[in-house]
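Undergrad: I have a structure here, written as structure tokens, and I will follow up with some questions on it.
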Amino acid sequence: MCIIGNGAKGFFVTLEGIEGSGKTTQMKNIADFLARNGHDVVMTREPGATEIGSKIRSILLDPANRGISPKCELLLYGADRAQHLADVVLPALDDGKTVLCDRFADATTAYQGWARGLDMAVVENIYLIAAGSLKPDLTILFDLAPELGLARTFMALKNGQRVDSESRFEKEKIDFHERVRQGYLAIAEKEKERFMVVDASLPADEVFNQITSQLKVRFSDNQHGGSPPQSKSRKSL
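Using UniProt numbering, the first residue of the sequence shown is number 1, and each one after it goes up by one.
This is the structure:
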């Protein structure tokens, strides 16, 4: 029996956090939990969820591409997002599916806006071009100190627990990652209704329990007449 929601309409959930926050690992657990409760779940990510996006991802993450300017980064993420929405996210939402996305627009605001120092109006304009007024219904922020996140990342690389190599962003200095974290927290503070902030320093099972308890509440509210705060904007591209 479905205990959280009835799958009658699409629901867009994004997972955000710094490197090593555990969001990618938890996404599969969340997807399994939702599927057991009657949701048709689509898992995706940014960048790189489409054929074109995978090429953009390679450019963005390759440590050899150290000369990429912040504006170039921003535009590449915007291009990936436009294709991703057209090919994956919007069709799934229109079919009434629950979409779980590993990083979305808040990552661009945190990384290219807060950490790279780009004008926030420029960041917002690129988002509007790519996505219109679409917003996630729920964003789960995995909050973690950068020192711990990077330590986890490098340990996973050392132990062969990752298929990809160290990315260009993981090579950034600690103050860059701290700016990213503070950017995420500022966004979450501004949009409290949309965000669920979890303590990602806790053991994985405790983090998962935090998330599932909140998901039950969120989907239950939606089932009993409440609508996601941003759902009206879904088709207004």
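Positions of the beta carbon are idealized from the N, C-alpha and C atoms, including for glycine.
Here the structure is a predicted model, which means the values were calculated and not measured.
(1) Mapping DSSP to helix, strand and coil, what is Glu16?
(2) Please report the straight-line C-alpha distance between Ala130 and Thr50, rounded to a whole angstrom.
(3) Does DSSP put residue 238 in a helix, in a strand, or in coil?
(4) Between which two residues does the alpha helix (DSSP H) harbouring Leu60 extend?
(5) For Ala74, does the three-state DSSP call read helix, strand or coil?
(6) Leaving aside the five residues before and after Ala82 along the sequence, list all residues of the same chain whose C-beta is less than 8 Å from its C-beta, in chain order.
(7) Three or more C-beta pairs under 8 Å: does that hold for the stretch 173-185 against the stretch 104-113?
(8) Please go through the stretch 170-210 and give each complete beta strand (DSSP E) segment of 3 or more residues, from N-terminal end onward.
(9) Can you tell me whether Lys190 sits near the ligand NAD, meaning its C-beta is under 8 Å from at least one heavy atom of the ligand?
TA: By the coordinates alone:
(1) strand
(2) 15 Å
(3) Any property of residue 238 remains undetermined from this structure, which presents the chain solely from 1 to 237.
(4) Glu51 to Leu61
(5) According to the sequence shown, residue 74 is Leu rather than Ala. The answer is helix: DSSP assigns Leu74 an H, G or I state.
(6) Ile129, Ala130 and Ala131
(7) yes
(8) 195-199
(9) Among the ligands in the structure shown, none appear at all, so the ligand NAD cannot be discussed.
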